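Quick note on the numbering used here: the sequence shown kicks off at 1 and runs consecutively.
Every residue gets a Cβ at the ideal spot worked out from N, C-alpha and C, and that includes glycine.
All of these numbers come straight from a predicted model, not from anything done at the bench.
The block underneath contains the structure these notes are about, expressed in structure tokens.
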Amino acid sequence: MTKNGDIYTITMETAIKTVTFSFKLNEEFIDNKPNGEKTNTVIQADGDSLIQSDVSENGKKSKIVYSFTPQELILTNTIEGWNGKSVRTFAAI
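Structure below.
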């Protein structure tokens, strides 16, 4: 993640795809998801975490919490209508 003024940019690289998006805290933007879906998205800061709230084109809500430590980034994703959660861990490089 980088910050230039009040604009944050997050880049996540996997073996399949690289995803990059930019945003300002507390300002809604359209996020183009890797699967082609578009969501109305707002990201807020909470201590050492960022909380991303999404509303998809079909109205379904989801939340991603980005928890930062010096060694890693942990993404915890919850989706409306699903009782589980997904957790992904990325090593800092």
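| Check | Outcome |
| --- | --- |
| Where the beta strand (DSSP E) through L75 begins and ends | E72 to I79 |
| Check whether N105 and K24 have beta carbons under 8 Å apart | Here the chain has residues from 1 to 93 only, and residue 105 is not among them. |
| CA nearest to the CA of G59, picked from S49, I79 and L50 | I79 |
| Beta-carbon proximity of S86 to Y66, cut-off 8 Å | no |
| Sequence-distant residues of its chain with Cβ nearer than 6 Å to F68 (five each side left out) | D48 |
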